[in-house]
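Novice: Numbering (the numbering used here), first residue to last: 7 to 304. Backbone N, C-alpha and C fix where the C-beta goes; we use that ideal spot for every residue, glycine too. The model shown is predicted, which means the values in this text are computed figures rather than measured ones. The structure under discussion is supplied below as structure tokens; questions concerning it will follow.
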Amino acid sequence: MTLAWGRHYAMVEPEHFRIDYAINPFMDLADQPDLQLALLQWEVLVGTLEGLGATVDVLPQRPDAPDMVYAMNLGLAVGRPDGAQRVVMSHMRHPQRRIETGSAAAWFARSGRPAAYVGREGVGPAFEAGDAFPFGDALVVGHGPRTDELALKALATELGVRVRGVRTTHPGMYHLDLAFCPLDERRAIICPDAFDAASAQALLALVGEPLVITEEEALTTFCANSVVVGDTVVMPGCPEHVRVRLEAWGFAVRIVDVTEFHKGGGSVRCLTNPLDITLGRDLPVVPGGDVVLPPRMS
Ligand code: ARG
């Protein structure tokens, strides 16, 4: 069964994309993106998603928020079975990105998604939406570099879902979406090296058929930072064994060059924010919420 979500995205037009500060190991103020090329790459990504039948809604970029182009981190939008929409806003770890939240919340509100918060303006737990994706019976949430463990309970309660927490330990895979990409109901790309041993084991056990990639593959190709539209995986790059496996499973691979955005530490997934995750369809409703952590290993 193909994923039901992933056919509607919010994206930020990268008019003011640049590297003003370094908050992840990829960012280097001496290695600035070529803005014209970045705009072109972004337009090709939009065209590719639309060509596959997805809808893209575009937000303007704040001139003072160079990382806002990584729309995935603005917030986690979730629909209810009755059609009501909402968004849990990110509470960015780094103060440099908190300026994005007000503009994004206003945009989400205008599009019919009122905002909820697990933390705000430096108070309460950090949460970045690139750390949260539905898979199987739960919202899988990575915590460590960008999201606090305390946010798991807040998300579970706020949304009324099961949250499965995994601890990220790799500084280069600072968001879950750099190491984990749900492909369909029982398959996902996973880089176990991103997580502590118990979390890697729990994630591999949760996914019926994991497509395992190495640390080097994750960091050099960003191949886990892909999006899935039906049976097509839109990827920034794809190691040969990954392509062979995806095609054997019946997926088509579409490569889109977004290398200018790798300079800020993000790729295809980071540039897109799915707006069609639906409770009761993609994420079972668990009244009151519930948090599951991997058993401690001795
Ligand atoms: N420069 C951005 C940051 O460090 C990159 C965000 C990448 N986004 C993602 N969903 N992994 O916050």
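Quick test of the definition: if touching needs 3 or more C-beta pairs under 8 Å, does the stretch 57-71 touch the stretch 22-35?
Specialist: Segments in contact, yes.
Novice: Output the distance between the C-alpha atoms of residue 50 and residue 262, rounded to the nearest integer angstrom.
Specialist: So the two alpha carbons sit approximately 7 Å from each other.
Novice: Taking only the alpha-carbon atoms, compute the straight-line gap between residue 200 and residue 298 and give it to the nearest angstrom.
Specialist: C-alpha separation (whole angstroms): 19 Å.
Novice: Give the single residue among 166, 149, 142 and 223 whose Cα lies nearest to the Cα of residue 192.
Specialist: The option with the nearest alpha carbon to residue 192 is 142.
Novice: How big is the Cα-Cα spacing for residue 302 and residue 214?
Specialist: Cα to Cα, the separation comes out at about 22 Å.
Novice: For residue 39, which option in 277, 166, 275 and 264 has the closest C-alpha, if you only look at C-alpha atoms?
Specialist: Checked all of 277, 166, 275 and 264; the closest Cα to residue 39 is 264.
Novice: In chain order, what residues of the same chain lie with their CB nearer than 8 Å to the CB of residue 220, ignoring the 5 residues before and after it?
Specialist: Taken in chain order, the residues that qualify are 197 and 199.
Novice: With respect to 7 Å, is the separation between the Cβ of residue 103 and the closest non-hydrogen atom of the ligand ARG below this value?
Specialist: Correct: residue 103 has its Cβ closer than 7 Å to the ligand ARG.
Novice: Can you tell me which of the three DSSP states residue 251 falls into?
Specialist: Reduced to three states, the DSSP call for residue 251 is helix.
Novice: Assuming residue 15 contacts residue 281 under a Cβ cut-off of 8 Å, what Cβ separation, rounded to an integer in Å, is found between them?
Specialist: Residue 15 to residue 281, Cβ: 6 Å. Contact.
Novice: Determine the DSSP secondary structure at residue 110, reduced to helix, strand or coil.
Specialist: Helix, per DSSP.
Novice: Look at the Cβ atom of residue 61, then the Cβ atom of residue 13, and state whether they are nearer than 8 Å.
Specialist: Result yes, Cβ atoms of residue 61 and residue 13 sit closer than 8 Å.
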